[in-house]
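Notes follow the structure.
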Amino acid sequence: MAQQFHLADLFETVAATVPDKIALESDSLTLTFAELNARADAIAAGLAAHGVARGDTVGIYMMNRAEYIEAFIAIVKLGAVPFNVNFRYREDELRYLFQNASAAAIIHGAEFSGIIRALQPHLPDLKLAVAVDDGSGADTGGLVDYGSLLDSPAVSQFERDEDDILLIYTGGTTGMPKGVMWRHKDFVFGCIGGAGYFTPSGAMQVPQDIADRAANGYPLKLFPLAPLMHAAALWAALSALFNGLTVVVDENRTFDPEAIWTKVEALGVNIVQIVGDAMAIPLRDALRANPDRWNLQRVVNVGSGGAVFSQSVKDDLRQLLPASVAITDGMGSSETGIAGAGAISRDGMMQLPSGDNLKVVVDDRFALAGETGIIARSGHMPVGYFGDPDKTAEVFRMIDDKVWVISGDAGRLKQDGMITVFGRGSTCINSGGEKVFPEEVEQVLRDHPAIRDAVVAGQPDPRWGERVVAIVSPRDGAVRPALADLREFLGQRLAGYKVPKALVWVDEVRRSPAGKQDYRWALSVAANALD
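Under the working numbering, the first residue of the sequence shown is numbered 478, with each subsequent residue one higher.
Set out below in C-alpha cells:
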C-alpha cells in the first residue's frame, strides 16, 4: 500500500493491483507488472551489494530498451538518484556530465563499454559500471553484467522518502547540460500528472489513489517514439505505467516511420507520443505515400510535447488518420514539468491559459496584458540545479512571496488571459530594435509547399543589428522557391521585420534526438553560408 508520493511506493502499489497486466512490451523483452517489479527489486539489491547507497547518483546510458525503464524503477527503489545520459555525447561531453553528476554508478548499453572503461580513471566517485546486453556483442570485460544483478536476493525495502530527488539533465542545446533536481512528490504531480492523465477520476489526492487508477483506468497501450533519455518520452512512459497502462518500447536504432506505423498496427497501439515536427513530418509523409496500408482504427491519440508541432502538420495528420484520432499538443520543460496542453491560434502559435501557477514575468514582476516576457511557473516544481546555486538563484526567483521557475520560453499575455508562446527567449533575434522569435517564423516557413523543415537564426547586420536567416530543407521533388518568392509568401502572414532577409538550403535541418531545434548548429550554418 502506497504510504507516500514516492515513485517506488506508487509503482509497487500499481504492480500489486494489476500484477498480470503487461507493463513493458519491446522487441526483446515483455514483462508483466509483477515481473517488472520483481526484476527491479533484484536490480536494486544488486546495486546495493556493489556499494551503491541511498542518495548516490546513478546514470542510465543506453538507447531505448525495456531495461531503461526497469533500471529507473530499480534506482528509485534503492533510494538512489537516477539521471539521464545522452547517448550521442562524445567522450569529453560524457566526462563533463558524469563529473557534474558525481556519478556513483552507470548502467549502460554494452555498446558503450569501451568509452566507459576509458572514462573510469577520470570519475573519482564511480563505484560501479553495469553493462546491459544490447545485442551489440561488444566486449564488456571488467564491467558488471546487468543480467547477473537479476540473481540478487531481494531486500524487503530500502529507506525512502517522497522528498528523495531524481535528476533530469537538460538537452544543452543552448549551453552545457544542467541537472534539474525534482523531489519525488513534485515530480509525480508536475511531470506525470499525479497519475491522472489516463483516468476519468483525475489526479490523486492521497497516495493509495494510485490503486484505483490502475484498476479502473482505460486499457491502453502507449508508444513513446523519442529516446527515453529525454524527458518527453520518459515522462510519457512513466505516466502510462503509473496508471497501469502498457508501454511499448521500440528498439529500432533509427527513426523508420513505416516500421513505426507497422508496429502500431501489429501491437494495437492506442497512443503515439511524438516530439514535434521532427517526428510528425516523416510519419505524415509515410501515411501519404502508403494510403490504406495500415489499419490504425485502434489509435485514439497522437500527442506531442517538447518541440514545435506545426498547425499545418497537425491538419495533415487529421486528414490522414481515422477521424476518431485526437491530435494534441503540450508544453513543458525539464525545469517546469508539464506546463499544460495548449490551444492553437489562427497564426499557428500555442496558447496557454494563465493562472495562479502560470504567468508571464517581465524582469521581477508579472506582465500586464499586451506585454511580452518570459513564461514562469509555480506550484509543483524542481528545487534547483544540481551543484549550481548561482544558476538556481537566476532561474528560481521569489516574486510576490512565492517561488517561480523562469522557464526561458518567451510569451505574451493577451487581454483574454491567454499566453501566446513564442519559444526560447535565448534564441530571440533583435532586428532594428524589434524582437523576432524564431518559432513564430518557423511555423509559417513549414506551411510553404516546398519546405519540409525549417529553423531560423540571427546573423550580424550593419544596419539592423541582426538579420533573420532561414535555414530550410526541401520536400522531395519540390521546386525550391527563390528568396524573393519566399519573402512574398511569408509577408502575407508576418510583419516585415520578421521576414528572413537571407535563405540557406540544406539537405536536412539538424535536431536533437528529442526533436528539438539545434540553434547552435543553425547559427554556424548561417554564419558559414553568409561569410
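The beta carbon of each residue, even a glycine, is placed where N, CA and C say it ideally should be. Quantities reported herein were computed from a predicted structural model and do not represent experimental measurements.
| query | result |
| --- | --- |
| Where W659 falls: helix, strand or coil (DSSP) | strand |
| Reduced DSSP secondary structure (H/G/I, E/B, other) of D841 | coil |
| L797, DSSP secondary structure in three states | helix |
| Residue closest to E742, alpha-carbon to alpha-carbon, out of F843, V776, V986 and L1000 | V776 |
| Those runs of the beta strand (DSSP E) which lie wholly inside the stretch 898 to 960 and span at least 3 residues | 906 to 908, 911 to 913, 928 to 938 and 942 to 951 |
| Host beta strand (DSSP E) of D886 (start-end) | K879 to L890 |
| First through last residue of the alpha helix (DSSP H) which encompasses Q576 | E568 to N577 |
| Complete runs of the alpha helix (DSSP H) confined to the stretch 599 to 652 [at least 4 residues] | 623 to 626 |
| Outcome for M875 when other beta-carbon atoms lying within 10 angstroms are tallied against a minimum of 16 | exposed |
| Span separating the alpha-carbon of P677 from that of N778 | 16 Å |
| Option nearest G586 by Cα separation, candidates A543, R997, M827 and A708 | A543 |
| Own chain, CB closer than 8 Å to K662, minus 5 neighbours either side, in chain order | Q481, F482, H483, E639, D640 and H857 |
| Integer-rounded CB distance, given that A680 should sit under 8 Å from F666 | 7 Å |
| Beta-carbon gap between F899 and G910 smaller than 8 Å | no |
| heavy atom of the ligand NAP below 7 Å from N563 C-beta | In the structure on display, the ligand NAP does not appear, and there are no ligands present to speak of. |
| Three-way DSSP call (helix, strand, coil) for N693 in this model | helix |
| Check whether A947 and V933 have beta carbons under 8 Å apart | yes |
| Inter-stretch contact at 8 Å, needing at least 3 Cβ pairs: the stretch 763 to 770 / the stretch 703 to 723 | no |
| L439, buried or exposed, once every other Cβ within 10 Å from all chains shown has been counted against 16 | Outside the displayed range of the chain (478 to 1008) lies residue 439, so it cannot be described from this structure. |
| Which of helix, strand or coil DSSP assigns to P759 | helix |
| Residues near I928 by beta carbon distance below 6 Å, same chain, minus five either side | L922 and V949 |
| Whole-Å CB distance - V558 paired with I642, under 8 Å assumed | 6 Å |
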